[in-house]
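Quick note, the sequence shown lines up with residues 3 to 244 if you use the numbering used here. The structure under discussion appears below in the form of structure tokens.
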Amino acid sequence: MRLKRYYIMQLNDAKWIAVTIDMWSSDPKLNFITITAHYTDEQFVVQHSVLETLDFVGEHCNDNIPERIKDALVRWDMLSSIICVVTDNTHTMLKVGRKLGLDSCVCFSDFLQTVVKVCTDEPNIAAQLLNVEKTVSHIRISQQSSDDLHAAQKKLSLTPHDLVHDAQTYWHSSFYTLQRFVREEQPLSLLFVNQDFLNRLKSTSIVTGIDFQVLKLLLKLLEPLEELTREVSSATTVTLSL
Numbered sequence: 003m004r005l006k007r008y009y010i011m012q013l014n015d016a017k018w019i020a021v022t023i024d025m026w027s028s029d030p031k032l033n034f035i036t037i038t039a040h041y042t043d044e045q046f047v048v049q050h051s052v053l054e055t056l057d058f059v060g061e062h063c064n065d066n067i068p069e070r071i072k073d074a075l076v077r078w079d080m081l082s083s084i085i086c087v088v089t090d091n092t093h094t095m096l097k098v099g100r101k102l103g104l105d106s107c108v109c110f111s112d113f114l115q116t117v118v119k120v121c122t123d124e125p126n127i128a129a130q131l132l133n134v135e136k137t138v139s140h141i142r143i144s145q146q147s148s149d150d151l152h153a154a155q156k157k158l159s160l161t162p163h164d165l166v167h168d169a170q171t172y173w174h175s176s177f178y179t180l181q182r183f184v185r186e187e188q189p190l191s192l193l194f195v196n197q198d199f200l201n202r203l204k205s206t207s208i209v210t211g212i213d214f215q216v217l218k219l220l221l222k223l224l225e226p227l228e229e230l231t232r233e234v235s236s237a238t239t240v241t242l243s244l
């Protein structure tokens, strides 16, 4: 309670506050709403305070979302100081600002993710990424296949590295999966002609369909967007200043 009182005092001292509202799901499919306040202190230093994470039962389109959020903002005594609510571009979250009677805008990072998704959903690209995902999943699950990868890396005098699993929450997670996959092209190429490894696959088309030249080109195209995503996701960077 002492910490909460401290942050309420900080929020009361802030003349203007922007609030981000993020709806997300944990691995067990539990739904949550996280509310974060953004403001400048008396020294004009940007501050961020995660106020609450609300558990939420039911579909994301449930009409009680705005009411739950409003109750939280009232508890923090900040409703009158909010100048903008930042949400993703889903229909449910866009309604939040309207129902609260507050100005709202779409998160630029979320918009950027939508743009990238349109590109990566192109059939040929999507097929390549699916093969990468299946290959990574197999190697991470199969201890024998993981050992085979490390053996191939050792044979090439390379530092052993595991492949990176795609969390599928944000697009740059897929980027890091792809980046590591391409970096390990040489040991993976050895692995893809290892008959013992191939015998463990449900279908060898998973790896025979992988085109590293296409993956490298895709990686090159996505690199500037990954850098931009890191910039706009920084806690110390104001998007409008970029």
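By construction, the Cβ of each residue, glycine as well, lies at the ideal position given by its N, Cα and C atoms. Every value quoted in this text rests on a predicted model; they were computed, and no experiment measured them.
Pair within 8 Å by beta-carbon distance, residue i and residue j
i      : j      : result
LEU81  : THR89  : no
TYR41  : TRP18  : yes
ASP57  : LEU32  : yes
LEU131 : SER176 : yes
ILE71  : VAL98  : yes
ILE212 : ASN91  : no
LEU165 : ILE127 : no
Limits of the beta strand (DSSP E) - the one that residue i falls within
i     : result
MET25 : 19 to 27
TYR41 : 33 to 42
GLN49 : 48 to 58
THR89 : 84 to 89
Integer-rounded CB distance, given that residue j should sit under 8 Å from residue i
i      : j      : result
VAL2   : THR137 : With the chain running from 3 to 244 in the structure shown, residue 2 is simply not present.
LEU200 : LYS157 : Contact doesn't hold; Cβ gap of about 17 Å is too wide.
ALA154 : PRO189 : 4 Å
SER139 : ARG202 : About 12 Å; that fails the 8 Å criterion.
SER83  : LEU13  : 7 Å
ASN196 : ASP150 : 6 Å
Segment limits, alpha helix (DSSP H) that includes residue i
i      : result
VAL117 : 110 to 122
THR94  : 93 to 102
VAL184 : 173 to 185
PHE214 : 214 to 234
LYS6   : 4 to 15
PHE199 : 197 to 202
SER207 : 207 to 210
ASN133 : 125 to 143
ALA169 : No alpha helix (DSSP H) contains ALA169, which DSSP labels as neither H nor E.
Neighbourhood of residue i by C-beta, 7 Å cutoff - its chain only, sequence neighbours within 5 removed
i      : result
LEU227 : LEU114, VAL118
PHE214 : VAL184, GLU187
TYR172 : GLN115
HIS174 : GLU228, THR231
LEU221 : LEU180, GLN181, VAL184
GLU135 : ASP168
SER144 : ARG202
THR206 : LEU200
Any non-hydrogen atom of the ligand SAM within 7 Å of residue i CB
i     : result
ASN91 : Ligands displayed in this structure: none; no statement on the ligand SAM is therefore possible.
6 Å CB neighbourhood of residue i in its chain, flanking five on each side removed
i      : result
SER51  : TYR9, ALA39
PHE216 : According to the sequence provided, residue 216 is Val. The question's Phe does not apply to it. Counting only Cβ-Cβ distances below 6 Å, and skipping sequence neighbours, we find GLN130.
ASP79  : ILE10
HIS152 : PRO162
THR36  : ASP24, THR55
ASP198 : none
8 Å CB neighbourhood of residue i in its chain, flanking five on each side removed
i     : result
CYS86 : ALA20, VAL21, LEU104, ASP105, SER106, CYS107
ASP4  : Correcting the residue identity first, residue 4 is Arg in this sequence and not Asp. If we look at ARG4 and ignore the five residues flanking it on each side, it has no Cβ neighbours.
PRO68 : LYS97, VAL98, LYS101, LEU102
Beta-bridge pairing of residue i - partner residues as DSSP gives them
i      : result
SER106 : VAL87
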